[in-house]
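Visitor: Chains as they are written, first to last, in this note's numbering: chain A, 5 to 177; chain B, 326 to 676; chain C, 6 to 129. Ideal Cβ placement from N, Cα and C applies to all residues, glycine included. Just passing along the structure, written as structure tokens.
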């Protein structure tokens, strides 16, 4: 019933097919294509840079003084914070400036309603649309008693000493 | 029976194996797109690790600090880190930075084995820039490399500047009998237990064991003996004295030191603002200023501990005495002007 | 049946299978570099350091605050951590003790962000 002529041809054909496939695979795999898998590394670099800059802004230059970050937050000085932050981020050792942009929010707890709210501290600029993915860096700030409350701070924020979280979004334009 | 169009069993078996192999290979195609470059795949990770070692680690050995080792003991350095201490990441010490980037002290093999720690010999380029520093070590950058950038602050040593004569440093009545010797001594006192007070963070602490001690006396002409002839006083010598207050009978003892050799690695003494270097026994007339910088390499030779008191005594000897300077100036946090931490950028490239 | 050449073809098949196996190994090794960066991103080193400094600032300031303000700040840190940082934190300080001549308080800090757990007792 079964015609067993041509068995050898069949085996030969199978082996040839497998070898051809392997050759094709090796040829194709010698090229490499940039994909989304590699963007984790720039994310890590940006996130470390953002955390570094926030930590350095939170270290007072002279012992006993308040740090620049605490001063900016407690006086609600978003423009000063923006320019100092970007000045640190964009500095390179070659002297040229990098092209990083940021926006920042401050998260606080509304004690009466026991809810978490946030208000914008630095608004994003016009590179916000069409940007690469942004990373988030955060820093705790202990605010002293704010009297009077600076202009621009939301009404349900306490004036007593409190802890707020500064969140900075950093992206490369 | 007509057996046209009947597939043989062998053919089916072969075709099945072929289809299985094809399906498996096709399912590996997404793996091709992950970017297979096996040699370059960890450059960024090694650069990040090198950045962490430089910026967040004070190095090993920490006491005595690795930056005080000279060429003969260079091999004992296990890790070069630039941070002030383990508790102050991202704050670097200026003496460590200067030693790390010192020309022709470390070879590229030293950098590879003490900072980069790779199994294969990576090429590197480490650079640091601030308003006052601009250092680089390594090879020029190629087109593709792994990279990390860290923002840091640098702690610089303070300067004790003794300017116009305050009343505590001038002899009130030179003709009084207790001042009739020819020696005039001015002392700068470093009380280590006060300086190394653990209540103050390491980033703001004055530590003479790791940072240079910088004493500048200006306006020296004001201290001249106004009743005598208007001639410059002579700086006879500078001596170091130490005392251990925890001992039962604490006394000052003179520290043995090679006072007559000029060694720029241990100290620099400039008189009257000129660039000439003097030994610690200059015997030179002073009319405007004295500037002494005592490097930590010298302080480590003095065998001081955290309770010692170190006195630096400036001896002006003339007959008749030509200056009215006297007293003890404490080198502490109120008298030493500290410039504050300076921001800088450190970049590490590995390829 | 013609049984010549069976060995050659069998060896050919074996070699093909071996090459296929090696290709599989190379394929899986390509993912090594990607997971290194993810591992660095995943460990919350900066978050934990920041939390420690925030707790130390709280301990420093706690002496001058009244109990309601102290509890408020503690609640601030705990609720904001949970909401924005996806981490459960808990901290407290005890009575000062004598540690080699200085009076230090034991401060304990607990942090858990689902992937990393960090517990510390430090004298500050």
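1. What number of angstroms, rounded off, separates the C-alpha of residue 495(B) from the C-alpha of residue 617(B)?
2. Note down, in chain order, every chain B residue with its Cβ under 7 Å from the Cβ of residue 107(C).
3. Please identify the residue among 517(B), 664(B), 560(B) and 471(B) whose C-alpha is closest to the C-alpha of residue 632(B).
4. Name, in chain order, the residues that DSSP records as bridge partners for residue 116(C).
5. Can you give, in chain order, each stretch of the beta strand (DSSP E) that sits fully within the segment 607-650 of chain B and has at least 3 residues?
6. Please classify residue 401(B): does DSSP put it in a helix, a strand, or coil?
7. Chain A beta carbons: is any one of them nearer than 8 Å to that of residue 99(C)?
8. Contact criterion: CB-CB distance below 8 Å. Does residue 60(A) meet it with respect to chain B?
9. Residue 171(A): buried (16+ other C-beta within 10 angstroms of its C-beta) or exposed?
10. Would you call the segment 111-122 of chain C and the segment 345-352 of chain B touching, i.e. three or more CB-CB distances under 8 Å?
11. Taking beta-carbon pairs under 8 Å, can you tell me which members of the segment 525-538 of chain B lie near chain A?
12. Counting only C-beta atoms, is residue 19(A) closer than 8 Å to chain C at any point?
13. Rounding to the nearest angstrom, what Cα-Cα distance links residue 62(A) and residue 29(A) in this structure?
14. Quick check on DSSP: helix, strand or coil for residue 434(B)?
15. With 8 Å as the threshold, decide whether the Cβ of residue 25(C) is near any Cβ in chain B.
16. Tell whether a beta-carbon distance below 8 Å holds between residue 58(A) and residue 141(A).
17. For chain A, find out if any of its Cβ atoms is closer than 8 Å to the Cβ of residue 28(C); answer yes or no.
18. Does any CB atom of chain C fall closer than 8 Å to the CB of residue 470(B)?
19. Would residue 560(B) and residue 596(B) be called neighbours here (beta carbons separated by less than 8 Å)?
20. How big is the Cα-Cα spacing for residue 110(A) and residue 379(B)?
21. Under a CB-based cut-off of 8 Å, is residue 112(C) close to chain B?
22. Where does residue 37(A) fall in DSSP's three states?
23. Does the CB of residue 66(A) have a neighbour CB from chain C at under 8 Å?
24. Under 8 Å between the Cβ atoms of residue 163(A) and residue 452(B)?
25. Since residue 106(A) and residue 415(B) should fall inside the 8 Å C-beta cutoff, what is the C-beta to C-beta distance between them, to a whole number of angstroms?
26. Kindly indicate which residue of 513(B), 397(B), 668(B) and 674(B) has the alpha-carbon position closest to the one of residue 88(A).
27. Would you report the Cα separation of residue 177(A) and residue 16(A), rounded to the nearest angstrom?
28. Do residue 19(A) and residue 14(C) have their beta-carbon atoms positioned less than 8 Å apart in this structure?
29. On the DSSP letters alone, give me the boundaries of the beta strand (DSSP E) that residue 60(C) sits inside.
30. Report yes or no: do three or more beta-carbon pairs, one from the segment 600-620 of chain B and one from the segment 532-539 of chain B, lie closer than 8 Å?
31. Let me know if residue 103(A) comes out buried or exposed under the rule of 16 or more other beta-carbons within 10 Å of its beta-carbon.
32. Tell me whether residue 66(A) is buried or exposed, calling it buried when 16 or more other Cβ atoms sit within 10 Å of its Cβ.
33. May I ask you to list, following chain order, the residues of the segment 44-66 of chain C that have a beta carbon less than 8 Å from some beta carbon of chain B?
34. Please work out which residues of its chain come closer than 7 Å, Cβ to Cβ, to residue 36(A), disregarding the five sequence neighbours upstream and downstream, and give them in chain order.
35. Going by DSSP in three states, residue 16(C) sits in which element: helix, strand or coil?
36. Where does residue 90(C) land, buried or exposed, given buried means 16+ other C-beta within 10 angstroms?
Guide: Well, looking at it:
1. Your numbering for residue 495(B) matches position 170 in the second chain. Your numbering for residue 617(B) matches position 292 in the second chain. When rounded, the distance between both Cα atoms is 21 Å.
2. Stepping through the third chain from its first residue, residue 107(C) is reached at position 102. Neighbours of residue 107(C) on chain B, chain order: 523.
3. Locating residue 632(B) in the second chain gives position 307, where the first residue counts as 1. Ranking the options by Cα distance to residue 632(B), first place goes to 517(B).
4. For this step, residue 116(C) is matched to residue 111 along the third chain. DSSP output for residue 116(C) lists 94(C) and 123(C) as bridge partner(s).
5. 609-611, 615-619 and 634-642
6. Translated into positions along the second chain, residue 401(B) becomes position 76. If DSSP states are grouped into helix, strand and coil, residue 401(B) belongs with the helices.
7. Here residue 99(C) is taken as the residue at index 94 of the third chain, counted from 1. Residue 99(C) does not count as touching chain A.
8. Looking up residue 60(A) in the first chain gives position 56. Closer than 8 Å: yes.
9. Here residue 171(A) corresponds to residue number 167 of the first chain, with the count starting at 1. Residue 171(A) comes out buried.
10. no
11. 525, 526, 528 and 529
12. In the first chain, residue 19(A) corresponds to position 15, counting from 1. Closer than 8 Å to some Cβ of chain C, the Cβ of residue 19(A) qualifies, so yes.
13. To locate residue 62(A), count along the first chain from 1; it is residue 58. To locate residue 29(A), count along the first chain from 1; it is residue 25. Their Cα atoms are separated by approximately 54 Å.
14. Against the second chain, residue 434(B) aligns to sequence position 109. Three-state DSSP puts residue 434(B) in a helix.
15. Here residue 25(C) corresponds to residue number 20 of the third chain, with the count starting at 1. It does: the Cβ of residue 25(C) has a partner Cβ on chain B nearer than 8 Å.
16. For this step, residue 58(A) is matched to residue 54 along the first chain. For this step, residue 141(A) is matched to residue 137 along the first chain. Contact flag set, yes.
17. Locating residue 28(C) in the third chain gives position 23, counting from the first residue. True, the Cβ-Cβ gap to chain A drops below 8 Å.
18. Taking the second chain and counting its residues from 1, one reaches residue 470(B) at position 145. For residue 470(B), the answer is no, since every Cβ of chain C falls outside 8 Å of its Cβ.
19. As a working mapping, residue 560(B) is identified with position 235 in the second chain. As a working mapping, residue 596(B) is identified with position 271 in the second chain. Contact flag set, yes.
20. One-based indexing of the first chain puts residue 110(A) at position 106. One-based indexing of the second chain puts residue 379(B) at position 54. So the two alpha carbons sit approximately 32 Å from each other.
21. Your numbering for residue 112(C) matches position 107 in the third chain. No, because no Cβ of chain B sits closer than 8 Å to the Cβ of residue 112(C).
22. Reading the first chain from its first residue, position 33 is the one you call residue 37(A). Per-residue confidence for residue 37(A) stands at a pLDDT of 42, beneath the threshold of 50, marking its modelled position as unreliable; the derived number appears in the next sentence. Of the three classes helix, strand and coil, the one that applies to residue 37(A) here is coil, per DSSP.
23. Your numbering for residue 66(A) matches position 62 in the first chain. So, not an interface residue.
24. In the first chain, the residue the question calls residue 163(A) occupies position 159. In the second chain, the residue the question calls residue 452(B) occupies position 127. Contact: no.
25. In the first chain, the residue the question calls residue 106(A) occupies position 102. In the second chain, the residue the question calls residue 415(B) occupies position 90. Actually they are not in contact, since the Cβ atoms of residue 106(A) and residue 415(B) sit about 19 Å apart, beyond 8 Å.
26. On the first chain, residue 88(A) is found 84 positions in, with the first residue counted as 1. Residue 88(A) has its Cα closest to that of 668(B), out of 513(B), 397(B), 668(B) and 674(B).
27. As a first step, residue 177(A) is located in the first chain; it is residue number 173 there, counting from the start. As a first step, residue 16(A) is located in the first chain; it is residue number 12 there, counting from the start. Residue 177(A) and residue 16(A): Cα-Cα distance of roughly 57 Å.
28. As a working note, residue 14(C) is residue 9 in the third chain. As a working note, residue 19(A) is residue 15 in the first chain. Yes, the pair counts as a contact, with Cβ atoms nearer than the cut-off.
29. Against the third chain, residue 60(C) aligns to sequence position 55. Element bounds for residue 60(C): not the beta strand (DSSP E) but the alpha helix (DSSP H), 50-66.
30. yes
31. Counted from its first residue, the first chain places residue 103(A) at position 99. Exposed.
32. Here residue 66(A) refers to the residue found at position 62 of the first chain. Burial call: exposed.
33. 45 and 54
34. Position 32 of the first chain, counted from the first residue, corresponds to residue 36(A). Legend: pLDDT at residue 36(A) = 46, less than 50; position of this residue unreliable, value from coordinates given subsequently. Cβ neighbours of residue 36(A) beyond the five flanking positions: none.
35. As a first step, residue 16(C) must be located in the third chain, where it is residue number 11. Reduced to three states, the DSSP call for residue 16(C) is helix.
36. Residue numbering aside, residue 90(C) sits at position 85 when the third chain is read from its first letter. Residue 90(C) should be labelled buried.
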